[in-house]
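Reading through the structure tokens given below for one structure.
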Amino acid sequence: MLFGALALSVGAAQLRLNVSATLQPAQIGLNEAAQLAVTVHGRQNGQPELPRVDGLQFTPVGQSSSFQSINGAMTASVSHLYQVSATRAGTFTIPSIRVGNAATQPLSLQVVPQNGVASRSTGRALPPPDVDWSSAPSDRNHPADSQPAFLKVIAPRHELWVGELMPVQIKAYFRSGMSASLNGLPALSSDAFTMTKLTDNPDQSQEIVGGIPYTVITWPAALSAVKAGDYTLNLELPVLVRVQERAARGARRDPFDSFFGGSPFDDSFFNDFFGRVAEKPVTLQTEMAAMKILALPAAERPADFSGAVGQFQVHAEVTPTHATVGDPLTLKLEVNGTGNFDRVTSPGLAQSADWKTYQAGAQFEPADSVGYQGRKVFEQAVVPQQSGDLRIPALSFSFFDPETRQYVTRHTQPLPVEVAAGSGLAQAIPTTPPASTALEESTSSAISNPSELFPNEVETGRGVARLQPVLLQPGLVALPASTLALLACGLWWVKRRDRRKADSSRATNHARASALRASLAQMDSAVNAGEVSEFFSCARRALQERLAQRWHLPASAVTLAEVNTRLNGHGEGICAVFRAADQAAYAGF
Numbered sequence: 000m001l002f003g004a005l006a007l008s009v010g011a012a013q014l015r016l017n018v019s020a021t022l023q024p025a026q027i028g029l030n031e032a033a034q035l036a037v038t039v040h041g042r043q044n045g046q047p048e049l050p051r052v053d054g055l056q057f058t059p060v061g062q063s064s065s066f067q068s069i070n071g072a073m074t075a076s077v078s079h080l081y082q083v084s085a086t087r088a089g090t091f092t093i094p095s096i097r098v099g100n101a102a103t104q105p106l107s108l109q110v111v112p113q114n115g116v117a118s119r120s121t122g123r124a125l126p127p128p129d130v131d132w133s134s135a136p137s138d139r140n141h142p143a144d145s146q147p148a149f150l151k152v153i154a155p156r157h158e159l160w161v162g163e164l165m166p167v168q169i170k171a172y173f174r175s176g177m178s179a180s181l182n183g184l185p186a187l188s189s190d191a192f193t194m195t196k197l198t199d200n201p202d203q204s205q206e207i208v209g210g211i212p213y214t215v216i217t218w219p220a221a222l223s224a225v226k227a228g229d230y231t232l233n234l235e236l237p238v239l240v241r242v243q244e245r246a247a248r249g250a251r252r253d254p255f256d257s258f259f260g261g262s263p264f265d266d267s268f269f270n271d272f273f274g275r276v277a278e279k280p281v282t283l284q285t286e287m288a289a290m291k292i293l294a295l296p297a298a299e300r301p302a303d304f305s306g307a308v309g310q311f312q313v314h315a316e317v318t319p320t321h322a323t324v325g326d327p328l329t330l331k332l333e334v335n336g337t338g339n340f341d342r343v344t345s346p347g348l349a350q351s352a353d354w355k356t357y358q359a360g361a362q363f364e365p366a367d368s369v370g371y372q373g374r375k376v377f378e379q380a381v382v383p384q385q386s387g388d389l390r391i392p393a394l395s396f397s398f399f400d401p402e403t404r405q406y407v408t409r410h411t412q413p414l415p416v417e418v419a420a421g422s423g424l425a426q427a428i429p430t431t432p433p434a435s436t437a438l439e440e441s442t443s444s445a446i447s448n449p450s451e452l453f454p455n456e457v458e459t460g461r462g463v464a465r466l467q468p469v470l471l472q473p474g475l476v477a478l479p480a481s482t483l484a485l486l487a488c489g490l491w492w493v494k495r496r497d498r499r500k501a502d503s504s505r506a507t508n509h510a511r512a513s514a515l516r517a518s519l520a521q522m523d524s525a526v527n528a529g530e531v532s533e534f535f536s537c538a539r540r541a542l543q544e545r546l547a548q549r550w551h552l553p554a555s556a557v558t559l560a561e562v563n564t565r566l567n568g569h570g571e572g573i574c575a576v577f578r579a580a581d582q583a584a585y586a587g588f
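Here the sequence shown is numbered in numbering that gives the first Met the number 0, starting from 0 and rising by one per residue.
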């Protein structure tokens, strides 16, 4: 009586569609063809509504369904591929292509005469072939035209200075039709480089590579070199690829028997149709790219150089600009630009006869996701020691510019400050002495000069109207009574809150039980109608409701990853239902 509280959430998800279209190349010759890919993200039953464009012909060449589980995030897409040819030269606009209630952006195609300049023809595009992952190597990467998944690093150049920070993009490509999970994050395989921390939520997009649609996972990152020499830049990404296997006849009884008191999956139809899904670990690698790491020049290196490499500007200000001797001021030094801000340092203003200074603190404010752009602000407390028109001298900051290959030193402008004289005591004692020291000096001075001793003074207190003891006064007697009343109110409120919480829990459990009872009827209907997708959707939702009740979680939080973690590998049968539901929902069954 458990399987069916699923249909509402699944049905709502089916209504959310996202449609995108790509056209490659954007310029062709008159006798050539471009490839149009219309990709629908989310489950749908309709076909793209191709517009009529005078002078263009659309020829369907294939369709592929794709289901991906990348790092626990479930996505599904259907790619419709067309060849686009032209009957005449010119510039054409392909209007929005509608699928259901979603539409793409308009596209532009330029067709040049045969003797004009045309881009390379894409040829006839076909759906991606099935790949036998059981024989795929796990230690290296094949070219993109033969590998269903590959890894790339996009770097602006192949030369780097020691300490320099270079922004890069790490892209993992997964061909449509694959089901895979990230088994970690991209990692460097060389000790000559370091890399900024990668996000756990990378960007996900769709790209066409060689006429084949791919799901692309992109991490923004920044590389830094730690030693000079010629090294290869290589990254590795561990991936778990899911491969479907046929279920063997006469297999052991389904593990859901103990969980539900009778499993609905004993029917050989479902076992033969879906079988089991095996996971194979695969390691994607980038192509070995040669990187030349240059050592920073020793000649003309400034004395205050701290290792900053990039392009920076400096600015300083002090607040307030009018003060009194002994009053603290705030000196700010801002360094902004692009580079390795972790090596941007400043000692601040040095102590002198005019200024008493304290150690500066720093705060970095990045302007991008990898910390390559931004600003670093140093704040320092300074105290004027003299009155008059003082000046905070210019501050300097030195760095190495990789564009000009030279060291650069920036200077701030001197900052004027008007300092007024304080009281005589303030001038004699710039800083306030401890209380104990002041007391000792005052006592010593009074003893050494008896004329400064003052006689004791006797002050009478305020009179009272009556001599009634304090404990018997009305105000004090009322205090314990008020305290007891407050405690009683608190106890009543706690009991009332607990009672409401219990009523809410009972209502929640009752609602879940009603939904589960309704699920059985939906599952029976799905079996009778032969709707495999609806059956497994109800089964997965029912499992989510039951496990959410046991684990005190919302049903949406019960994912495949959560089940694996909490059951510690002992819930293979439950995981099989989650996988089967995903395959049934997104494979078009």
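For each residue, glycine too, the CB sits at the ideal point set by N, CA and C.
Quick caveat: nothing in here was measured; it's all calculated off a predicted structure.
Selection from the options that minimises the alpha carbon distance to residue i
i	options	result
CYS51	PRO94, GLY89 and SER78	It should be noted that the sequence gives Arg, not Cys, for residue 51. Here the closest residue by C-alpha is PRO94.
ALA88	THR21, ILE27, LEU16 and GLU206	ILE27
ALA393	VAL382, TRP492 and ALA349	ALA349
ALA575	ALA554, ALA538 and LEU546	ALA538
ALA352	PRO383, GLY373 and PHE91	PRO383
PHE340	GLU286, GLN310 and THR329	GLN310
ARG174	TRP550, GLN205 and LEU197	GLN205
VAL281	GLN146, ARG156 and ALA361	GLN146
GLU278	THR329, GLY387, LEU49 and ASN182	ASN182
ALA541	GLU286, ALA580, GLY347 and MET290	ALA580
GLN203	GLU364, HIS40, VAL418 and ASP53	HIS40
ALA359	ALA85, ALA191 and VAL376	VAL376
GLU603	HIS509, PRO47, ASN17 and GLN56	Because the chain here runs from 0 to 588, residue 603 falls outside it and cannot be looked at.
Whole-angstrom C-beta distance between residue j and residue i, which should lie under 8 Å
i	j	result
VAL313	PHE396	5 Å
VAL83	ALA33	5 Å
SER368	THR344	Going by Cβ atoms, the distance from SER368 to THR344 rounds to 23 Å, so no, they are not a contact pair.
LEU159	ALA25	Incorrect: roughly 34 Å between the Cβ atoms, too far for contact.
GLU533	ALA520	Their Cβ separation, rounded to whole angstroms, is 12 Å, which puts GLU533 and ALA520 out of contact at 8 Å.
ALA20	SER78	No, ALA20 and SER78 are not in contact; Cβ-Cβ is about 10 Å, not under 8 Å.
VAL416	SER386	Not confirmed; about 11 Å, so no contact.
LEU515	GLU544	6 Å
THR86	GLY54	5 Å
THR411	ALA315	4 Å
N- and C-terminal bounds of the alpha helix (DSSP H) containing residue i
i	result
SER175	No alpha helix (DSSP H) contains SER175, which DSSP labels as neither H nor E.
SER532	531-550
ASN633	Past the boundaries of the shown model lies residue 633; the chain is included only from 0 to 588, so the question cannot be answered.
LEU566	559-566
9 Å Cβ cutoff met for residue i and residue j
i	j	result
THR558	PHE577	yes
THR323	ALA420	yes
THR408	PRO301	yes
VAL317	ILE391	yes
TYR357	GLN379	yes
PRO212	THR38	yes
ALA148	LEU239	no
ALA154	LEU222	yes
ASN563	GLY570	yes
LEU106	THR90	no
VAL225	THR195	no
GLU163	ARG97	no
VAL152	ALA288	yes
LEU80	GLN284	no
Limits of the unbroken beta strand (DSSP E) element including residue i
i	result
GLY28	26-28
ALA36	32-40
ASN17	17-23
MET202	The identity of residue 202 in the sequence shown is Asp, whereas the question assumes Met. Its beta strand (DSSP E) spans residues 202-208.
GLU316	309-318
ALA224	211-224
ASP199	Looking at the DSSP string, ASP199 is not in any beta strand (DSSP E), and its letter there is neither H nor E.
GLY387	387-391
LEU159	158-160
LEU414	414-419
GLN350	It is not in any beta strand (DSSP E) - GLN350 carries neither H nor E in the DSSP assignment.
GLN372	372-383
GLY570	Neither: GLY570 is in no beta strand (DSSP E) and is coded neither H nor E.
MET290	288-293
SER397	395-400
Is the segment 160-174 touching the segment 207-222, taking contact as three or more C-beta pairs under 8 Å? Touching, yes, given that three or more Cβ pairs across the two stretches are closer than 8 Å.
Does the segment 223-243 come within contact of the segment 171-189, defined as at least 3 CB pairs closer than 8 Å? They touch, by the three-pair rule.
Say whether the segment 329-336 touches the segment 290-302, bearing in mind that this needs 3 or more beta-carbon pairs closer than 8 Å, one atom from each stretch. The segment 329-336 vs the segment 290-302: no contact.
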